[in-house]
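Following: one structure in structure tokens, then a few remarks.
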Amino acid sequence: MNPENAHLPLVAVVGPTASGKSALGVWLAEQLGGEVVACDSTQLYSGFDIGTAKHALAERHGVPHHLIDVLAPEEAATAGGYRQMALAALADLRGRARLPVFTVGTGLYLRALLEGLADLPQRSEELRERLRHSALEHGPGYLHRILSRLDGEAAQKISAGDEQKLIRAIEVCLLAKMPLTELHRSGRAPLQGWRVLKIGLAPGREALYARIHARTDAMFANGWLEEVRSLLDGGLPEDAKPFDFIGYRELREVLRRRLTMDEARAAIQQATRRYAKRQLTWFRREHAVHWLAGFGDDPLLQQEALQWLREHGVIQGRGAEARRV
RNA sequence: GGACGGGUGGGUGAGUGGCUAAAACCAGCAGACUGUAAAUCUGCCGCUCCUUGCGGGCUACGGAGGUUCGAAUCCUCCCCCGUCCA
Numbered sequence: 040m041n042p043e044n045a046h047l048p049l050v051a052v053v054g055p056t057a058s059g060k061s062a063l064g065v066w067l068a069e070q071l072g073g074e075v076v077a078c079d080s081t082q083l084y085s086g087f088d089i090g091t092a093k094h095a096l097a098e099r100h101g102v103p104h105h106l107i108d109v110l111a112p113e114e115a116a117t118a119g120g121y122r123q124m125a126l127a128a129l130a131d132l133r134g135r136a137r138l139p140v141f142t143v144g145t146g147l148y149l150r151a152l153l154e155g156l157a158d159l160p161q162r163s164e165e166l167r168e169r170l171r172h173s174a175l176e177h178g179p180g181y182l183h184r185i186l187s188r189l190d191g192e193a194a195q196k197i198s199a200g201d202e203q204k205l206i207r208a209i210e211v212c213l214l215a216k217m218p219l220t221e222l223h224r225s226g227r228a229p230l231q232g233w234r235v236l237k238i239g240l241a242p243g244r245e246a247l248y249a250r251i252h253a254r255t256d257a258m259f260a261n262g263w264l265e266e267v268r269s270l271l272d273g274g275l276p277e278d279a280k281p282f283d284f285i286g287y288r289e290l291r292e293v294l295r296r297r298l299t300m301d302e303a304r305a306a307i308q309q310a311t312r313r314y315a316k317r318q319l320t321w322f323r324r325e326h327a328v329h330w331l332a333g334f335g336d337d338p339l340l341q342q343e344a345l346q347w348l349r350e351h352g353v354i355q356g357r358g359a360e361a362r363r364v
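As structure tokens, then:
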């Protein structure tokens, strides 16, 4: 087999927020000669550090991290864009014979990378604006009726209340001049040349929630509010995409004096709990995940993870040897 | 001590005689999701039984009685909370 196409191992650590994905990712990378690749829609943005739980340099233990701080706050993250960047990162790692260790919070992005995306038109802000406008004029149900006409099958799958998904579906149909369903049928291009090993972190619900609460408090103590203040003082528009992220929107409201710190804290903890739940729902459906019950910073769990990877052909201090696997 | 106002399901809070296991919202649980995904959306949400049905039973609107064919809704007394007057 020619090395360019050899199936090299790729590790993906999935799990809900605050389950210790980064800690496990760094540790595994250290043990196995790898580098961390973040798969997180929020860590993509530079400047938004505390609330997105980016590892500080010291916590990275010298392990290179990729796909963190690669977008300016004014830019828009998308699944397709992430896929492109991740493919580039993978090519780089392959060239240097390093093991990629993905830390995955955004399930959609991982799926976009591994399974590919159908070849669909990109979003068009102008078209979306027009659709939103006529939706307002014609009242509820309008977008759903439009989609039914363009693509009945897609309309059945999307709830009439889900404006965001309806708009994307309509947008695709109009721009491609073809039903979305048909475009989906033409298939996607899955990732080639990598053998994916997924490890899932599944701490108990109560313990996870407790961590979420504690982490929120720690973020507050680390000057999260100050970070938000300086982002806004630096001239960033209040409606920049990252201000939609959990915590950033609440702290923006604190600075506008529409929320007290205590209210913000409670709202953030709650939103984070719900987010973790949605992640769990998504990851439960992910195929072939090796689930470990606990947190990623637990040494015992780390050993288990390492053991499992070894059993599956990931070789310590890999590099040239791994190519022979 | 007196005068009002109020006590409703985990929370807020609608409901002033039957259409009410009780609006709405929140929380919670479950789920969907191929380019906004830390987003967006959907379902369930007192207990229980079965032949899982716009099905049956039980419990529920501070407490105890009462009126009524029927009460969260009306009456009586009691308890508690708030405001005001002494």
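FYI, the numbering for the first sequence is 40 to 364, going by my numbering.
Every residue, glycine too, gets a C-beta built ideally from N, C-alpha and C.
Since we're looking at a predicted model, the values are computed, not measured.
Start and end residues, alpha helix (DSSP H) containing residue i
i	result
V353	No alpha helix (DSSP H) contains V353, which DSSP labels as neither H nor E.
R268	W263 to D272
G120	A118 to G134
A193	G191 to K196
Coil, strand or helix - residue i by DSSP
i	result
P179	coil
K216	coil
R99	helix
R323	helix
H223	helix
K60	helix
E74	strand
H252	helix
L23	Given that the chain is displayed from residue 40 to residue 364, the structure contains no residue 23 and the question cannot be resolved.
R162	coil
E277	coil
L336	The sequence given here has Asp at residue 336, not Leu. Reduced to three states, the DSSP call for D336 is coil.
L298	coil
A199	coil
A17	One cannot answer for residue 17 here, as it falls past the ends of the chain, which runs 40 to 364.
A246	helix
R188	helix
A303	helix
A68	helix
A151	helix
R137	coil
Those residues which DSSP pairs with residue i across a bridge
i	result
R171	DSSP lists no partner for R171.
I285	Note: I285 sits in no beta bridge, so no partner.
A157	R227
H105	V76
Y314	DSSP lists no partner for Y314.
K204	Bridge partners of K204: none, in fact.
T142	V52 and A77
L331	L240
L110	Y84
Residues of its chain near residue i, where Cβ-Cβ distance is below 6 Å and the 5 sequence neighbours each way are ignored
i	result
A174	Y181 and L182
D336	G59 and A62
M40	Confidence at M40 is low in this model, with a pLDDT of 46, below 50, so the placement of that residue should be treated as unreliable; the coordinate-derived value is given next. The answer is none, since no qualifying residue turns up.
A361	Low per-residue confidence applies at A361: pLDDT is 42, beneath 50, and the placement is therefore not dependable, though the value from the model is reported in the following sentence. If we look at A361 and ignore the five residues flanking it on each side, its Cβ neighbours are I354.
A332	A241
D79	G144 and T145
Distance CB(residue i)-CB(residue j) smaller than 7 Å
i	j	result
L83	A125	no
K237	V353	no
G119	L156	yes
L370	W233	Nothing in the structure corresponds to residue 370, since the chain is present only between 40 and 364.
E74	R122	no
G64	V140	yes
P160	V211	yes
I209	L186	yes
D190	P218	yes
E325	P229	no
G90	W330	no
E69	H100	yes
T81	F284	yes
Cβ-based neighbour list, residue i, same chain, cut-off 8 Å, excluding 5 preceding and 5 following
i	result
V57	Per the sequence shown, the amino acid found at residue 57 is Ala instead of Val. Hits under 8 Å: A92, L247, R250, I251, R254, T311 and A315.
E277	L271 and R291
E202	R171, A174 and L182
A306	E289 and L298
Residue interval of the beta strand (DSSP E) (run including residue i)
i	result
K237	W233 to L240
Close beta carbons around residue i, own chain, < 7 Å, minus the five adjacent residues each side
i	result
A111	S85
L319	P55
A115	K280
G274	none
Heavy atom of the ligand NAD within 6 Å of residue i beta-carbon
i	result
A305	The ligand NAD is absent from the structure shown, which contains no ligand whatsoever.
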